[in-house]
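Peer 1: For the sequence shown, this note's numbering assigns the number 629 to the initial residue and increments by one for each residue that follows.
Every residue, glycine too, gets a C-beta built ideally from N, C-alpha and C.
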Amino acid sequence: HPLHESAGGEEPPDDEVEQLVQNSAYCAGVLAAPGGDAALRHMQPLLTALQPLLHRSGDAVPHRLVDNALGATARAVRGSAAHLPLDQIVPVAVAALPIRE
């Protein structure tokens, strides 16, 4: 795994992993935002990967990760709304509100 190799074979610190996940969620949203055929074929895996980050249950998922996942989900919907199951996406996104950080 590249993260382990870059850390000299050791597990990276939790704050580095958290930052990596946060940046990855943001990047995924930016890539999905334009929509179109190229993005559409990646929407299901993208939304599936973001879904666990959209659940605010105590401090299990830091607020900034939820916020970035929520932003990424909104960008994906904006780019491909006509092709996505909004009846499944919108309730999960609304439950993750408000953005906190």
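1) Within its chain, find whatever has a CB closer than 7 Å to the CB of V694; leave out the 5 residues flanking it on each side and keep chain order.
2) Let's test the definition: count the other Cβ atoms within 10 Å of the Cβ of N651 and tell me whether it reaches 16, buried, or not, exposed.
3) Please state whether DSSP places S685 in a helix, a strand or coil.
4) Counting C-beta neighbours from all protein chains within 10 Å, is the total for L648 16 or more, i.e. buried, or is it exposed?
5) Determine, using beta carbons only, whether A656 and G707 come nearer to each other than 7 Å.
6) Once DSSP output is grouped into helix, strand and coil, what is the label at I727?
7) What's the gap between the Cα of L675 and the Cα of Y654?
8) Starting from P680, trace the alpha helix (DSSP H) both ways and give me its first and last residue.
9) Using the C-alpha atoms, what's the distance from G663 back to L712?
Peer 2: On the basis of the coordinates in this document:
1) Excluding sequence neighbours, V694 sits near L681, L682, R684, A724.
2) Looking at its Cβ environment, which holds fewer than 16 other Cβ atoms inside 10 Å, N651 is exposed.
3) Here S685 sits in coil by DSSP.
4) So L648 counts as exposed.
5) Not closer than 7 Å, so no.
6) Coil, per DSSP.
7) Roughly 13 Å separates the two Cα atoms.
8) Taken as a continuous stretch (DSSP letters only), P680 belongs to no alpha helix (DSSP H), as it is neither H nor E.
9) Distance between the alpha carbons of L712 and G663 is about 11 Å.
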